[in-house]
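Since the structure comes first, as structure tokens, the remarks are kept for the end.
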Amino acid sequence: MPRKLNTFVSFLLAFALVPAANAQTQEKRDATTRTPQATTKRGTIGKRAAADAARARRNALEAVAVLREVAEAARSFDDLYESVSTQANAAYVLWPHDEQTARAILRRAWEAATAPGAEDKARGLGTFDDPREDARDAL
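Using our numbering, the first residue of the sequence shown is number 1, and each one after it goes up by one.
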């Protein structure tokens, strides 16, 4: 996968988790600010909020599963730099939701980066052969 595509996919997944996290924090705030009178008048508003919370939980679980798949797929990249970078990005985004898996992903990325002969697998550490292309990429 090209570097820009890997980065784009990582950030896309990162932003996919943000609404789910916000929905969960909003749900916690709503639960703490409820008065006894408000709990008796929940009606359809309460059902809608419960449905929204359930949808947010499903979205978060799906996003976590996608992040795990991305990290696993990144292990097979030809370019070691791109592989380790994508795994690290996935672990960073996954950390608040599944710390144990994020640690395992980082451990695998570290082992790949420090393995004997790893320097031969890194193609310019993510840089382009043409300096002008590096400049365009930096912009």
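Glycine included, C-beta positions come from ideal geometry on N, C-alpha and C.
Near A118, what residues of its chain come up, given a Cβ to Cβ distance below 7 angstroms and the 5 sequence neighbours on each side ignored?
Only L80 and A112 meet the Cβ criterion.
To which residues of the same chain is T101 closer than 7 angstroms at the C-beta, ignoring the five residues directly before and after it?
R68 and L94, listed in sequence order.
Own chain partners of S83 with C-beta closer than 7 angstroms, once the 5 adjacent residues on each side are dropped:
The answer, listed in chain order, is A74, R75, F77 and A112.
Below 8 angstroms CB to CB, which residues in the same chain sit around R103 once its five sequence neighbours on both sides are set aside?
Taking C-beta separations shorter than 8 angstroms and ignoring five residues to either side along the sequence, the partners of R103 in its chain run A91, following chain order.
Out of curiosity, what's the CA-to-CA distance linking D120 and R107?
A straight-line Cα-Cα distance of about 20 angstroms links D120 and R107.
Out of R48, N89, P96 and I105, which one is the CA nearest neighbour of L61?
When each option's Cα is compared against that of L61, the closest is P96.
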